[in-house]
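Participant: Just so you know, we're using the UniProt record's numbering here: the sequence shown kicks off at 1 and counts up by one.
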Amino acid sequence: MAHVPASVEDARLIIDSLREDPLYGQQLPPVSDSINENACQLCKQEKLTFEPPPMYCFPCGARIRRNGPYYAYDTRDTHHSVCIPCYNKSRGHTIEVEGQMFPKARFQKKRNDEETEECWVNCERCNCWQHQICALFNDINYDVKQAYTCLYCYIEEVKRGLHVPSPQSAVLGASDLPRTALSDHIEERLFKRLKLERQARAVQSGRSFDEVAGADGLVVRVVSSVDKKVGVKPRFLETFQEDNYPTEFPYKSKAVLLFQKIDGVEVCLFGMYVQEFGAECAFPNQRRVYLSYLDSVKYLRPGIKAATGEALCTFVYHEILIGYLEYCKQRGFTSCYIWARPPLEGDNIFYCNPTIQTTRTSDKLREWCLAMIRKATKEEIVVELTNLYDHFFITTGECKAKVTASRLPYFDGDYWPGVAEDMVNQLHQEEDDQKLQKKGNAKKIIRKRALEAAGHTDLSGNASEDDMLMQKLGETIYPMEEDFIMVHLQYSCSNCRSFMSSGKRWACHQCRSFYICDKCYSAEQELEERERHPSNSRETHELHPVDIVGVPEETKDGDGIIESKFFDTRHAFLSLCQENHYQFDTLRRAKHSSMMVLYRLHNPTVV
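Next up, the structure:
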């Protein structure tokens, strides 16, 4: 069946919006009155093709470029694709694919140029044809016994009293998805901030509140909230086995979406995946949050600038993130980590971003995140801003924290755990390589200097594997240190670098951003006066106690488990969209894709 508009007005909005250019949102040239039997009655376009799903080589995992040659072997159940280099590299008469050997003679040379045309649907009232996407046709719950009625015939039947518009409540939408404490918090903040922004815009333009456009019809929902565990990679775990390093870290994985009703249809505009490591989690992940994925499509209405001068969509997305940080702070989380890197091809949440939406460079994405953090800092939601390298890899001032990889928060899918595992393997290979023994003495001198510069003081004999790992990791991360953003929601101790969530923090009124925890303060009092804060100074500064309040012992929010096989991971949702051509490259397709996503969320058992 098709999407049933709540009113004739909504039906007209849907039709009018289809007269826009499918690529750029510009008005199409007028269509002649002559009937084109090959054109869609709604958008007046003929054949439209989908973006082909990405194709990868099974042996090496490389993406096979569009229109490029490759070899394929199809069975009744599977399709095996092999790139040209892997095919040529395989000697003999067989080739290995996923652990199985297949005769090379069975592989046919093909070109990655297949096209899939958008499906059509026929109105049984007027016998006109329309693209299923234009008609907002749901082919999953289509009942062949029930005749399909197009929007034009629907409007005509309502006018003649032959059809009564369905009440809005009869069509399950985004607002009908389960509410959570998190979604309520973000929505409440977002609506309040949007009202203030609209008022400011009205004052700037010298008009009344009702005379300026506002971002209406917004809905925020948590569509997945499940318990997961990230396992520590074996080589890294082996390095810290004597320190009782955890074998895994439990966390809550959440997916959050933003919808807006545009031209009578709800459209998914924004999505993010987060990992929440609660108070019950072991160190070093305790009370930490990782923003693992973030994506948006540029369709938010109105497409104008906010009173602050930034795009209104930026204002909205920033408020969602600030609202989330505020929620995490209130629940007792101490820090949030953001890896500000542009997504790789096919690495988005939404399949096929709009063609007019350019991918941000690393610098622009980082500045986008920092602009959001500056806003949160003004509201005292964020208390400190640093990065992974500065916080964990170097010791400055009066920091006494050990520089060790065991202090680095270990997140699922983050950059450094995979790199560290490769580095540990490399270190083991170097130790086993007999040829390197001859150069050992020279290498020790070079490494010792590098380790001393990084703050390692215990360098008797061979440097430990941990020290060498931190040196190599530091060398890799340093060139892009600013991309590994670390947001402090609670203050960290300037001595031991731990986050303070209870007791007192001891602040120096003479030094900017110097705070120590109760434990370090007690140790400070045991020192001789000349060794106390500030170090390397003849004078001492008085430290003043500040009670730490408002940080709950438990970080759980009371929200129940929300399971969705389609939103369990970013990859699961992306695969769903790729397999079913749920694209977001045009507003027309984004409407249909969002409609189908909402249908699947409300009907989770649908295959």
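Every residue, glycine too, gets a C-beta built ideally from N, C-alpha and C.
Using the three-state DSSP reduction, which class does residue 580 fall into: helix, strand or coil?
Facilitator: Of the three classes helix, strand and coil, the one that applies to residue 580 here is helix, per DSSP.
Participant: Taking all protein chains shown into account, decide if residue 546 is buried (16 or more other Cβ within 10 angstroms of its Cβ) or exposed.
Facilitator: Answer is exposed; the Cβ neighbour count stays below 16.
Participant: Does the separation of the CB atoms of residue 488 and residue 292 fall below 8 angstroms?
Facilitator: Not a contact, by the Cβ cut-off of 8 angstroms.
Participant: Using the Cα positions of residue 218 and residue 261, report the straight-line distance between them to the nearest angstrom.
Facilitator: For residue 218 and residue 261, the distance between alpha carbons rounds to 7 angstroms.
Participant: To the nearest whole angstrom, what separates the beta carbons of residue 230 and residue 249, a pair I think is in contact under 8 angstroms?
Facilitator: That belief holds up - the Cβ atoms of residue 230 and residue 249 are roughly 5 angstroms apart, short of 8 angstroms.
Participant: Pull up the distance between the alpha-carbon of residue 357 and that of residue 399, whole angstroms please.
Facilitator: Whole-angstrom Cα-Cα distance: 44 angstroms.
Participant: Between the region 82-89 and the region 42-60, do three or more beta carbon pairs fall short of 8 angstroms?
Facilitator: Yes: at least three Cβ pairs fall under 8 angstroms.
Participant: Measure how close the beta-carbons of residue 472 and residue 423 come, nearest whole angstrom, since I'm counting them as under 8 angstroms.
Facilitator: Between residue 423 and residue 472 the Cβ distance is about 5 angstroms, and since that is below 8 angstroms, they are a contact.
Participant: Would you kindly check if the distance between the Cβ of residue 119 and the Cβ of residue 132 is under 8 angstroms?
Facilitator: For residue 132 and residue 119, yes; Cβs fall inside 8 angstroms.
Participant: Report the residue ranges of all beta strand (DSSP E) runs contained in full by the region 171-240; include only those spanning at least 3 residues, in chain order.
Facilitator: Listed in chain order, the complete beta strand (DSSP E) runs (minimum 3 residues) inside the region 171-240 are 218-231.
Participant: How should residue 544 be labelled, buried or exposed, when 16 other C-beta atoms within 10 angstroms of its C-beta is the threshold for buried?
Facilitator: Per the 10 Å Cβ criterion, exposed.
Participant: Quick check: what's the CA-CA separation for residue 491 versus residue 514?
Facilitator: C-alpha separation (whole angstroms): 10 angstroms.
Participant: Run through DSSP, which three-state label would residue 496 get?
Facilitator: Reduced to three states, the DSSP call for residue 496 is coil.
Participant: Who does residue 130 pair with in a DSSP beta bridge?
Facilitator: Paired residue(s): 121.
Participant: Short of 7 angstroms in beta carbon distance, which residues of its chain neighbour residue 568, apart from the five on each side in sequence? Order them along the chain.
Facilitator: Closer than 7 angstroms at the Cβ level, and outside the excluded window around residue 568, lie 224, 226.
Participant: Round the Cβ separation of residue 332 and residue 551 to the nearest angstrom and send it over; I've been treating them as touching at under 8 angstroms.
Facilitator: That belief holds up - the Cβ atoms of residue 332 and residue 551 are roughly 5 angstroms apart, short of 8 angstroms.
Participant: Return the chain-ordered list of same chain residues with a C-beta closer than 7 angstroms to the C-beta of residue 564, the five sequence neighbours on each side being excluded.
Facilitator: Excluding sequence neighbours, residue 564 sits near 223, 224, 601, 604.
Participant: Tell whether a beta-carbon distance below 8 angstroms holds between residue 316 and residue 215.
Facilitator: The answer is yes: Cβ separation under 8 angstroms.
Participant: Which of helix, strand or coil does DSSP assign to residue 419?
Facilitator: The answer is helix: DSSP assigns residue 419 an H, G or I state.
Participant: Just the Cα atoms here: how many angstroms apart are residue 285 and residue 353?
Facilitator: Roughly 33 angstroms separates the two Cα atoms.
Participant: Would you call residue 148 buried or exposed, if buried means 16 or more other Cβ atoms sit within 10 Å of its Cβ?
Facilitator: Buried: at least 16 other Cβ atoms inside 10 Å.
Participant: For residue 153, which option in 122, 138, 110, 140 has the closest C-alpha, if you only look at C-alpha atoms?
Facilitator: The shortest C-alpha separation from residue 153 is found at 122.
Participant: What's the C-alpha gap between residue 45 and residue 586?
Facilitator: Rounded to whole angstroms, residue 45 to residue 586 spans 14 angstroms at the Cα level.
Participant: When we look at the beta-carbon of residue 159 and count the other beta-carbons within 10 Å, is it buried (16 or more) or exposed?
Facilitator: Under this definition residue 159 is an exposed residue.
Participant: Report yes or no: do three or more beta-carbon pairs, one from the region 36-54 and one from the region 102-119, lie closer than 8 angstroms?
Facilitator: These segments touch.
Participant: Three Cβ pairs or more, each shorter than 8 angstroms: is that satisfied between the region 579-597 and the region 133-142?
Facilitator: Yes, since at least three Cβ pairs between the region 579-597 and the region 133-142 fall closer than 8 angstroms, the two stretches touch.
Participant: Identify whether residue 314 lies in helix, strand or coil by the three-state DSSP scheme.
Facilitator: Three-state result, residue 314: helix.
Participant: In the region 368-408, which residue ranges form an unbroken beta strand (DSSP E) of at least 3 residues, counting only runs that do not cross its ends?
Facilitator: You should have 384-387.
Participant: Kindly indicate which three-state DSSP category residue 573 falls into: helix, strand or coil?
Facilitator: Helix, per DSSP.
Participant: At the level of alpha carbons, what is the spacing between residue 245 and residue 421?
Facilitator: When rounded, the distance between both Cα atoms is 15 angstroms.
Participant: Counting only the same chain and skipping the five closest in sequence on each side, list residues whose C-beta sits under 6 angstroms from that of residue 524.
Facilitator: Contacts found: 532.
Participant: With a 10 Å radius around its C-beta and 16 neighbouring C-beta atoms as the bar for buried, classify residue 606 as buried or exposed.
Facilitator: Its Cβ having fewer than 16 others within 10 Å, residue 606 is exposed.
Participant: In chain order, what residues of the same chain lie with their CB nearer than 7 angstroms to the CB of residue 387, ignoring the 5 residues before and after it?
Facilitator: So the list reads 481, 482, 484, 485, 486, once near-sequence residues are dropped.
Participant: Considering only DSSP beta bridges, list what residue 74 is partnered with.
Facilitator: 79.
Participant: Helix, strand or coil: which one does DSSP assign to residue 105?
Facilitator: Here residue 105 sits in helix by DSSP.
Participant: I need the DSSP call for residue 263, collapsed to helix, strand or coil.
Facilitator: Correct three-state label for residue 263: coil.
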